[in-house]
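*Asks:* Below is a structure I'd like to ask you about.
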Amino acid sequence: MAHYWQEIEALTLRWVRRLSREKFSMLFTLVQPMLFWLIFFGNLFQRAADVQVTQAPNYISFLAAGVVVMTVLNNGLAGGVDLLFDKENGFLERLMSAPIHRSSVILSRFIFVMTITSLQVLVILGIAFLFGVHPATGLPGVAMILLIGMLFGVGLTAISMAMAFSVKSHGDFFSVLGFLSLPMIFLSSALVPLTAMPTWMSVLAQFNPMTWAIDAVRPLILTNWSDALPHVGMAIVVMLIFDALCLYGGAKAFRRAMG
Amino acid sequence: MDRTIAIDVNRLCKSYDGHKAVDDLSFQVYAGEIFGLLGPNGAGKSTTLRTLITLLHPTSGTATVLGHDTVREADLVRTLFGYVPQERAIDRFLTGREHLELLGALYHLTKEEAAKRIAELLKLVELEEHADRPAKTYSGGMKRKLDIACGLLPNPKILFLDEPTLGLDVQSRLRIWDYIRMLKARGMTVVMTTNYLDEADQLCDRLAIIDCGKVKTIGSPAELKVALGGDSVSLTIKETARLGALASAIKGQPAIRTVNATATGLDIRVESAEKALPAILEAANKLDCRLDFIDYHRPRLDDVFIAHTGRSLKDAAPAEETT
Ligand SMILES: Nc1ncnc2c1ncn2[C@@H]1O[C@H](COP(=O)(O)OP(=O)(O)OP(=O)(O)O)[C@@H](O)[C@H]1O
Ligand SMILES: [Mg+2]
Chain A
1 MAHYWQEIEA LTLRWVRRLS REKFSMLFTL VQPMLFWLIF FGNLFQRAAD
51 VQVTQAPNYI SFLAAGVVVM TVLNNGLAGG VDLLFDKENG FLERLMSAPI
101 HRSSVILSRF IFVMTITSLQ VLVILGIAFL FGVHPATGLP GVAMILLIGM
151 LFGVGLTAIS MAMAFSVKSH GDFFSVLGFL SLPMIFLSSA LVPLTAMPTW
201 MSVLAQFNPM TWAIDAVRPL ILTNWSDALP HVGMAIVVML IFDALCLYGG
251 AKAFRRAMG
Chain B
1001 MDRTIAIDVN RLCKSYDGHK AVDDLSFQVY AGEIFGLLGP NGAGKSTTLR
1051 TLITLLHPTS GTATVLGHDT VREADLVRTL FGYVPQERAI DRFLTGREHL
1101 ELLGALYHLT KEEAAKRIAE LLKLVELEEH ADRPAKTYSG GMKRKLDIAC
1151 GLLPNPKILF LDEPTLGLDV QSRLRIWDYI RMLKARGMTV VMTTNYLDEA
1201 DQLCDRLAII DCGKVKTIGS PAELKVALGG DSVSLTIKET ARLGALASAI
1251 KGQPAIRTVN ATATGLDIRV ESAEKALPAI LEAANKLDCR LDFIDYHRPR
1301 LDDVFIAHTG RSLKDAAPAE ETT
């Protein structure tokens, strides 16, 4: 157990070091979602979006939940990229030829991605706060948002890692990534509520776990606990099922790649 | 020398989508020796090493390291060796010292043990001054040295080196040969791959020549050369169109063993150069072939290679990669 922890600590430290040395890319990953989605998109649609439809005091407060979950989505789906590079340049082989637990590298990556995602979610909620979006359920609500984000993020990161272990080239990885992420966003309640969608889209959106996560986060920000709790409960169930499926697939891909 | 068997590879096969990368490969490595796997690109050397480091499961056959099976006892086997991969497996963003610290933790050393070992290793590979710079600022040779230091960090009984000197300058190569000899002197067993004949010849106690996933021959460089017997004559001629005729004219002569055509001449194995040379010259004269160059020598490792694979390593291997 002490060994396990020593491995995970050292491997997580490596991810932190890599990030801290890529200051430019760090800035972009941190700033991009809030700048692009929350500030530009949110303000752009402030008047175009119909308050009757969104059922929110203004579009930014409606969008905040979507941006939070979108951040989880993007971080999660990109979570395997570093492992992909490690696989391609042989570093992963070096790590895995050491007498470490087979799960240490992966676990360290989960810990790192979840931590960075949570920090980003907090920053987004902070920026939204500056635009007048005050989470209705207070700090406990924020904690619940983080929990939902992490539950969703685990599955997404597992998908990303599974892809990293199975693709033949990193070109494939990034094409699949691009192919996954935009439909996930548009076929969800991130930008408009399901009621405002064409029927076929809203039907598809109901099969998108992202919709369930957003529908739980949104009342935590906009209304109150009694409104939010049923959604939160459902979201947790959906996320657990989603995670189980993704982790199963991820474990299979990993075992195939690492012998 | 100690004849304990350190590594036993038994009828190993590994296929990728039906293509046999390693095909019924068997060899043994004795404790304390430097063992070489010599072969052209794509011969299956790295694949064999990846099996030994437990990261590939054989399609069939087995491999054991110090008596432990690389599949069933993979966890144990991983504590026994150090590994230097063929590609420079370096994280550009980490410093040299951070690489070694990371591995120190993965081999479960305490902070003090690790610090001591890291200081020794940095000194050994002469990277002390550069230890705290990110690896992206290292030259190719410095990266290779860091790679080797990483392989040595666990202070293993067995070291696997995949093409340790690929793309290095002459001085760095010689220095790395010296390290490897020193490691052997300390009692380490070294298994290395190479496609340099001189490296195999000068460094390895024993070697296996591998081609197309199969072992062609095994022995010490001296044994392999003696086993060929006789001398080698190589010649090149101007009228390459007449090579075939010349080859068949020479083939029948006494004292000639085998004749191999190359692109511009012939490689001839003979009983003794003194007896064979006159016959060869006479045959060339008769056919009106003007000799560009002729040379005879005791068997060299490239002759061994040619004799066992039917081609020269230089022909088999595409232009040397430098990455
Ligand atoms: N992951 C893989 N998938 C498919 N084929 C592979 C894979 N790895 C190796 N091969 C094939 O197996 C054969 C042996 O490869 P290997 O890397 O062992 O050669 P090598 O002797 O190390 O060559 P080199 O001197 O170029 O390093 C090659 O034909 C190669 O194309
Ligand atoms: Mg190789």
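Quick note, the sequences are listed as chains A and B, same order.
Here the first sequence is numbered in my numbering, starting from 1 and rising by one per residue.
Here the second sequence is numbered in my numbering, starting from 1001 and rising by one per residue.
Don't be surprised by glycine CBs; every beta carbon is placed ideally from N, CA and C.
What you are looking at is a predicted structure, and each value in this text was computed from that prediction instead of being measured.
1) So, at 6 angstroms on beta carbons, what are the nonlocal neighbours of residue 1118/B in its own chain, with the 5 sequence-adjacent residues on each side left out?
2) Report the three-state DSSP secondary structure of residue 1221/B (helix, strand or coil).
3) Could you confirm whether any beta carbon from chain B is found closer than 8 angstroms to the beta carbon of residue 97/A?
4) From the beta carbon of residue 1207/B, is the nearest beta carbon of chain A less than 8 angstroms away?
5) Going by beta carbon distance, what residues of the same chain come within less than 7 angstroms of residue 1320/B, once the five residues before and after it are set aside?
6) Need the endpoints of the beta strand (DSSP E) that residue 1256/B sits in, please.
7) Could you check whether the Cβ of residue 134/A sits closer than 8 angstroms to any Cβ belonging to chain B?
8) Leaving out five residues on either side along the sequence, give the residues of the same chain with a beta carbon under 8 angstroms from the beta carbon of residue 121/A.
9) Could you check whether the Cβ of residue 1093/B sits closer than 8 angstroms to any Cβ belonging to chain A?
10) With DSSP as the reference, identify every bridge partner of residue 1194/B, one or two as the case may be.
11) How should residue 248/A be labelled, buried or exposed, when 16 other C-beta atoms within 10 angstroms of its C-beta is the threshold for buried?
12) What are the residues that DSSP puts in a beta bridge with residue 1265/B?
13) Does residue 1086/B come out as helix, strand or coil in the three-state DSSP assignment?
14) How many angstroms separate the CA atom of residue 1194/B from the CA atom of residue 250/A?
15) Using a Cβ cut-off of 8 angstroms, pull out every chain A residue sitting near residue 1087/B, in sequence order please.
16) Applying a beta-carbon distance threshold of less than 9 angstroms, which residues of chain B neighbour residue 164/A?
17) Closest to residue 28/A by C-alpha separation, out of 53/A, 74/A, 49/A, 10/A, would be which residue?
18) Is the separation between the beta-carbon of residue 1308/B and that of residue 1209/B shorter than 8 angstroms?
19) Closer than 8 angstroms, CB to CB, is residue 1075/B near chain A or not?
20) Does the beta carbon of residue 170/A sit closer than 8 angstroms to a beta carbon anywhere in chain B?
21) Within 7 angstroms: the Cβ of residue 1193/B and any heavy atom of ligand 2?
22) For a test of the three-state rule: what should DSSP assign to residue 1159/B, helix, strand or coil?
23) Can we count residue 1041/B as close to ligand 1, meaning its CB is less than 7 angstroms from some heavy atom?
24) Is it right to say residue 1254/B is buried, meaning 16 or more other beta carbons lie within 10 angstroms of its own, or is it exposed?
25) Indicate, with yes or no, if ligand 1 has a heavy atom lying under 7 angstroms from the CB of residue 188/A.
26) Counting only C-beta atoms, is residue 10/A closer than 8 angstroms to chain B at any point?
27) What's the gap between the Cα of residue 1323/B and the Cα of residue 1042/B?
28) Give, in chain order, every unbroken run of the beta strand (DSSP E) that is at least 3 residues long and sits entirely within the region 1085-1166 of chain B.
29) I'd like to know if residue 1138/B contacts chain A, where contact means its C-beta is closer than 8 angstroms to some C-beta of that chain.
30) Is it the case that the CB of residue 1162/B approaches a heavy atom of ligand 2 more closely than 7 angstroms?
31) Look at the alpha carbon of residue 165/A and the alpha carbon of residue 85/A, and state the distance between them as a whole number of angstroms.
32) Would you say residue 1317/B lies against chain A (beta-carbon separation less than 8 angstroms)?
33) My output table needs one value for residue 165/A: the three-state DSSP class, helix, strand or coil.
34) How about residue 1107/B and residue 1154/B: are their beta carbons less than 8 angstroms apart?
35) Compare the Cα-Cα distances from residue 1034/B to each of 1160/B, 1020/B, 1013/B and report the closest residue.
*Replies:* Let me lay it out:
1) 1100
2) helix
3) yes
4) no
5) Here residue 1320/B scores only 40 on pLDDT, less than 50, and its place in the model is too uncertain to base an answer on.
6) Per DSSP, the unbroken beta strand (DSSP E) holding residue 1256/B starts and ends at 1256-1261.
7) no
8) 68, 71, 72, 145, 146, 149
9) yes
10) 1038/B
11) exposed
12) In the DSSP output, where bridge partners are listed per residue, residue 1265/B has 1236/B.
13) In the structure shown, residue 1086/B sits in coil (DSSP, three-state: anything other than H, G, I, E or B).
14) 36 angstroms
15) 89, 90
16) Going along chain B, no residue has its Cβ under 9 angstroms from residue 164/A, so there is no contact; the nearest lies around 16 angstroms.
17) With distances taken between Cα atoms, residue 28/A lies closest to 74/A.
18) Closer than 8 angstroms, so yes.
19) yes
20) no
21) yes
22) strand
23) yes
24) Result: exposed.
25) no
26) yes
27) Note that residue 1323/B scores 36 on pLDDT, short of 50, meaning its location in the model is unreliable and no value can be drawn from it.
28) 1158-1162
29) no
30) yes
31) 10 angstroms
32) Note on residue 1317/B: pLDDT 48, under 50, position unreliable in the model; no value is reported.
33) Collapsing the DSSP output to three states places residue 165/A in a helix.
34) yes
35) 1160/B
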